[in-house]
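Here the structure comes first, spelled out in structure tokens, and everything after it is commentary.
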Amino acid sequence: MTDVIAALATYQGQYRGEGVNHEAEPFIGEMNVQQVVNTKGISVRYTATGLNRTVYHEEHTVIGPGAKGTAVLWTLNSNAPSVLEHGLRFDGTDADGMRQIVFGYGDPNDETRFRETITLELFSDGTLGYHYAWGMAGGTFRKRSGLMLIPLLKAAPSTAIEPVNH
7 MTDVIAALAT YQGQYRGEGV NHEAEPFIGE MNVQQVVNTK GISVRYTATG
57 LNRTVYHEEH TVIGPGAKGT AVLWTLNSNA PSVLEHGLRF DGTDADGMRQ
107 IVFGYGDPND ETRFRETITL ELFSDGTLGY HYAWGMAGGT FRKRSGLMLI
157 PLLKAAPSTA IEPVNH
């Protein structure tokens, strides 16, 4: 559990990328990842904004230690009526070194209710993947939206003093 949190902590910072939502609409995603509460957890702030500046999705997510000793993801977002708790479903690394961490809510095979997975992909070059798969009650569970996020470079502090024009 702390391994998941420690891994995510190495990706602290601001990210941006382009993706496509469940209605095939392109969007710009912006994410901020920060360690919180004495390094016990990770805060993820994420917004997906359409090219017409419509906010498709906004969330504040916290990943931290759950009562059962495994990492848990809690998300409050604009597409769900309440905070949803997602348990850790998978944590593994592929042959290329990409680490995939999957959190889930509900049983993906239970078509009688809403279910969802949120997947974070951690690439060795600092890129993040962020993907949602879900199914509504009576609907098919499948990947619905996602994107690749690149770290934004922070500008060096300016030493020049700019004149103020009134």
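With the numbering used here, the residue at position 24 of the sequence shown is 30, and numbering never jumps.
Note that beta-carbon positions come from the ideal geometry of N, C-alpha and C, so glycine has one too.
Annotated three-state conformation of A12 is helix, per DSSP. For R22, the CB contacts under 8 Å within the same chain, skipping 5 residues up- and downstream, are I34, G35, E36, M37, L155, I156 and L158 in chain order.
In its chain, beyond the 5 residues on either side, F120 have a beta carbon closer than 7 Å to the beta carbon of M142.
Going by beta carbons, T81 and E65 fall inside the 7 Å limit. Of all alpha-carbon atoms in N44, G152, E117 and D116, the one lying nearest the alpha-carbon of T125 is that of G152. Pairing I107 with V10 gives a Cβ-Cβ distance under 7 Å. Nearest to L14 by alpha-carbon distance, out of P114, L134 and Y62, is L134. As computed with DSSP, R148 is found in a beta bridge with W140. Sequence-distant Cβ neighbours of R150 in its own chain, meaning closer than 8 Å and more than five residues away, are N27, H28, Y138, A139 and W140.
Less than 7 Å divides the Cβ of T76 from the Cβ of L94. Where D97 is concerned, the enclosing beta strand (DSSP E) starts and stops at L90 to T99. About 7 Å separates the CB atoms of Y62 and E31; that is less than 8 Å, so the two are in contact.
Pairing V50 with Q40, the inter-Cα distance amounts to about 7 Å. By DSSP's assignment, R59 forms no beta bridge with any residue. In the assembly as shown, G47 is a buried residue. Its beta-carbon has 16 or more other beta-carbons within 10 Å.
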